[in-house]
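Using my numbering, the letters of the sequence shown map in sequence onto residues 10 to 1066. For each residue, glycine too, the CB sits at the ideal point set by N, CA and C. Report on one structure; see the data block that follows.
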Amino acid sequence: MRKDENLQPRLAYKMLLLILLVAAFVIRIWSGLRMEGYTGDLTTFMYWADRLQQTGLGQFYEKGVFADYPPGYLYVLYVLGAIKSALALADTSAAARLLFKLPAILADLAAGFLLYRLGRGKLGERLAVALAFIYLLNPAVWIDSANWGQIDGFFAVFLVLCLNALAGRKPTHSGVWFALAVLIKPQALIFTPVLLLAFLLQKKGWKTFLLTVLYGLLTTVILAAPFYWNNGGINGFYQLYRSTLSSYPYAVLNTFNLFSLAGGNWKPLTEKWGFLTFGTWGNLFLFLSVVLTAWFAWAGRTDRGREDRPGGSREDSKSRIFSVYLLALILISCVYLFGPKMHERYLFPALLISLFAFIQLKDRRLLLVFFGFSVTQYVNIDYVLKNYHDGNSATPIDGIAIVTAIVNLAFLAYLLLTAWGIAVKGQIRQLPGTSRDERHMTDKLILEELEQSAISVRNPRMQRKDWMWVGAITLLYAVIALYQLGDFKSPSTYWQTTADGENFYVDLGSTKSLERINLFAGPGQGVVKMEFSNTPDHWDHAVELDLYGKVFKWSTADTLIDARYIKFTAVSAKTIVHEAAIYGRGSNQAIPVASIQKEAVSPEDTGSPDLLFDEPDTDVYRPSYMNSTYFDEIYHPRTAYEYLKGMPVYENTHPPLGKILIALGIKIFGLSPFGWRIVGTVFGIGMLPLMYRMALTLFGRSRYAITATLLFALDFMHFAQTRMATIDVYAVFFLMVMYYFMHRYMSHNFYTIPLGKTLIPLGLAGLFFGIGSASKWNVAYGGAGLAVMLGMYLYARFREMQAARRWMAQNGETSLEETEGSGGASRSNLYRITANRFTRNTVITLASCVIFFIVIPAIIYSLSFIPVLNEAAGGYTFKNLINAQIHMYDYHSQLTATHPYSSQWWQWPFMKRPLWLYNGPDLAPGMKATMVTMGNPLIWWTGIFAILLTIWVSIKRRDRVMYSVWIAYLSVYIPWVLVPRYTFIYHYFTMVPFMILGIVYMMKLGEERYTWFKKIRISYILLAALLFLLFYPALSGLTVSKAYIDNLLRWFPSWDF
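Right, here's the structure in full:
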């Protein structure tokens, strides 16, 4: 009976493995067909395969023929060549490319099966399938085989078979597998020291060693002989490896490692780095890598027991300390990050080796190494592949490369610390719950937290002091933000032409000495030509004013001529002008027009030329941001105005809701700078009480809520972006709201709180997710973070369910009630609910999420397009709605333009390139009015490190309340890494609130440990305020001396404003 009971789950896991293998194969076939791959490698493989068919094995290697692969993989290419020839596949066909990717794809599946086969005996069926899962569905694995078309996975299988034989009972077989690995790729020679150390320190005996060498030599001779028997013999075989290993004489080839950080990408080995050449450094690092590996091998040699070591235990002593997998992992990682001539893919074997090391040692830290190197390997390979397809064989060492290289080095350091713990201290950190005692302690902690959640939910109420503080901060900020926000009135009537060349002329009553003519343009584009005369029958001195990109902006045409009559000609149709103001020399008062004569004006026009002179109280002599649009205001207020007027919409590259909100301000306050800016400014003001509420919920103390709110108010970008009529302010606001409610949801346990009550904050998070996504797409990026938080929430409930079931199975309900008295009954009821309601509550929650995060957002998003599509051809239809999304995606994904003030994602936290928004025209000599968007240097330069520390410390301390902060930060930041188009520093705005919460979190921890840290916090706020005052002229457009801007504010040459 017991045998049958054990057989059933084993069959289930085998079926699950089979499904996994089929799914992994299908994914790779689909990806292999879809992706062209690295055509240079695939074309070479096909050329070799064709040559093998033509010449056979014996004549393949000839002088003048490029062939740097040893014979091992050529046997595979021989078969592939025969298939390709039989099927008559063209080299450029997708089928041919897939055929030559197939061996590596099948090798991936073989590796997954090997993980399961070895893992089930040491870890059990469940973990063995899990290891196969994380390897087979790892993008870093299939990008190499199915996308690129390389054979690193094929080679890695033979390498781990060698290590497996070396660690097992048949070490002599390692010679065969190692010979095969070397015959496939010469990089296998890197692992030679591991084999030697294994035989030397494990005392396998000279006889075993010599037999292993003999097997390896026989394998090599048998496989190499057909190629070299009559074609150079042993010397020819030696020269092949010699030339292959000496090829690519560069410090590094597109690998994100130490040498790439040193600027060595594709630099000759003879070039100096410091006082030595790259080649000398590389050889030195190779030697040190071998020495380090040997030291770990010596420290973990098997003749030393564990029980007498610090941190060791009798249970630990059952596992081997000496691990060939761990040594191989250390060696390849060190060589990859410090060795010369490294290619981007040379770290690939470390992925598979790290999982086999975990199987052998059962140390969970090795899984983190696997995941870390998977991410960096994927980024490296993907970035090289994308640059190759863009025509760049030398991948630029930019922000992506630099960050990836640093992360690689960090994971190497973590690997070495892990190896130290295993080999020297004998410490094995198993997965939680793998031993009965650990599981019991874990269950106890989980259930204690469950009981605590039944008592209270962390959501501090706003006290009188809180209302006073947040009110004072918000009011003060509002005064500063609203001061000189913009004029309350601008020209509203307009003349829109319908034909080319429409014109009229005005009579000023007498000859005037003219200085300038200002035009206030509306939506559209066109050129207005102005001609002058003292008699209305002859025109000269023509001046043209191009109105393109000058929507709702006063534009100036300098005249400096004496004339009585001025003729205005709209060169092209659909030119829209709201107002014209004519100024004489020495006066800032517009000259009144005596009469208007319409020479060629179409009756089909909207309005008439008279409307250009009907609002003299709005005339402007000196244009500025107070009376005109600046930066992207030429797009968004224009679109908002078009919504209100039912005009065809010009800007359709972002969802409409943010522009609808701008339109609301125009509707209430009129077409004016104040009207199109006020709603965004109010939202910016509203962010401050929202930040206060978020910080109070997170930290539970008013002092930290005050700190977070003050820092947000003092951030430069928050001030600059929210006073400008663009849509980023709405994205940030709704992003903050949705994460606030998602954080609230995370604190509501559906075992201790009625399920319906938990769905309220979840539903509100979904509601604001929909509103935010309808404002700007980057809010949708944050949806990934919400999904992660939901997954964490449900996983926590799942663990509580498991713990409650195990506890009740061991103790029974009666035991609980007897030991705990009246409280025991309550606890028993809580455990019973927890044990039985997970599935029900989870299904209802997930079903609700479909409504909250898909249905409702889809409705909101679709409805927001009504003003856009109503004016489109065909009106509001589902087809037009879909086409609008395709248009937006194509615009952003295919944008290839450049911009002098653009910056890359990795530069934003360091403010390498602030964005110059406005440069005031027509100022007195030596004066300047400017606007820039950037961060407060104190906040941003410390914030990036604070958020990284927040991630590390919160995980280490299991401070789950802070997880929402860094999940939100990463969810809206990471997608920008993948965006190919040019970007600006203001794209970092969505991360700023969460970065500030990270800063405050570190301050809170500092004060909990050191009482004097309170002074640091207060000093930090005061310094941030001082910087805000210092930079205020450059944030607000205040006119000051040019020397002030240039000497005090432009700290670096790239700070150009």
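Item: CB-CB length for N787 against V986, believed under 8 Å; Value: Their Cβ separation, rounded to whole angstroms, is 13 Å, which puts N787 and V986 out of contact at 8 Å.
Item: Which residues DSSP lists as bridging T565, in chain order; Value: N527
Item: Integer Cβ distance of G695 from F743, believed to fall under 8 Å; Value: The Cβ separation is near 11 Å, so there is no contact.
Item: Alpha carbon of I1054 to alpha carbon of V738, nearest angstrom; Value: 26 Å
Item: Where the beta strand (DSSP E) containing A609 begins and where it ends; Value: S604 to A609
Item: Close beta carbons around G408, own chain, < 8 Å, minus the five adjacent residues each side; Value: Q913, W914, W915 and Q916
Item: Buried versus exposed, by CB contacts within 10 Å (16 or more), P258; Value: exposed
Item: For R806, the nearest candidate out of V852, G772, A789 and L773 (CA to CA); Value: V852
Item: As assigned by DSSP and simplified to three states, the class of G655; Value: coil
Item: Rounded C-alpha distance that separates P621 from S711; Value: It is Leu, not Pro, that sits at residue 621 in the sequence shown. Straight-line Cα distance between these residues: approximately 56 Å.
Item: Spatially closest choice to Y652 from G535, N879 and T53, by CA coordinates; Value: N879
Item: Environment of H757 [buried if 16+ CB atoms lie within 10 Å]; Value: buried
Item: Identified DSSP bridge partners for M539; Value: V552 and F577
Item: A174 versus G242 - alpha carbon distance; Value: 30 Å
Item: Cβ contact check for the region 509–517 and the region 650–667: 3 or more pairs under 8 Å; Value: no
Item: Segment contact flag, the region 21–41 with the region 49–63, C-beta cutoff 8 Å, min 3 pairs; Value: no
Item: Residues near A599 in its chain [Cβ-Cβ closer than 7 Å; skip 5 each side]; Value: A590, I591, Y592, P625 and D628
Item: Member of P500, Y387 and L293 whose CA lies at the smallest distance from the CA of Y144; Value: Y387
Item: Continuous beta strand (DSSP E) stretch holding M940: start and end; Value: T939 to T942
Item: Inter-residue spacing [alpha-carbon to alpha-carbon] between M471 and I390; Value: 51 Å
Item: Cβ-based burial, E324 [other Cβ within 10 Å; buried from 16]; Value: Residue placement at E324 is poorly supported in this model, since its pLDDT is 38, which falls under 50; the coordinates still yield a value, given next. With fewer than 16 Cβ atoms within 10 Å of its Cβ, E324 is classed as exposed.
Item: Contiguous alpha helix (DSSP H) assignments of at least 4 residues, all confined to the region 186–244; Value: 201–210 and 215–237
Item: In DSSP terms, what H352 is bridged to; Value: L262
Item: Backbone CA spacing between D161 and D153 [nearest angstrom]; Value: 7 Å
Item: Unbroken alpha helix (DSSP H) run spanning Y125, endpoints; Value: A103 to L132
Item: Cα-Cα separation, L128 to L136; Value: Checking the sequence shown, residue 128 turns out to be Gly, not Leu. About 7 Å.
Item: Status (buried if at least 16 other CB within 10 Å, exposed otherwise) for E524; Value: buried
Item: Secondary structure of S522, DSSP reduced to three states; Value: strand
Item: Counted within 10 angstroms of its Cβ, other Cβ atoms place N1056 as buried (16 or more) or exposed; Value: exposed
Item: Sub-8 Å separation of G510 and A609 beta-carbons; Value: yes
Item: Per DSSP, cross-strand counterpart(s) of I390; Value: Partner(s): none; I390 has no beta bridge.
Item: Range of the contiguous beta strand (DSSP E) that encloses G593; Value: I585 to G593
Item: 8 Å contact criterion, which F640 and G775 should meet: CB distance rounded; Value: With a Cβ gap of about 33 Å, F640 and G775 do not count as contacting.
Item: Cβ-based neighbour list, N147, same chain, cut-off 6 Å, excluding 5 preceding and 5 following; Value: S383
Item: Beta carbon of L1031 nearer than 8 Å to that of F728; Value: no
Item: E316 burial status per 10 Å Cβ neighbour count (16 or more: buried); Value: Its pLDDT being 36, under 50, E316 is placed unreliably in this model, and the value from its coordinates should be taken loosely. Under this definition E316 is an exposed residue.
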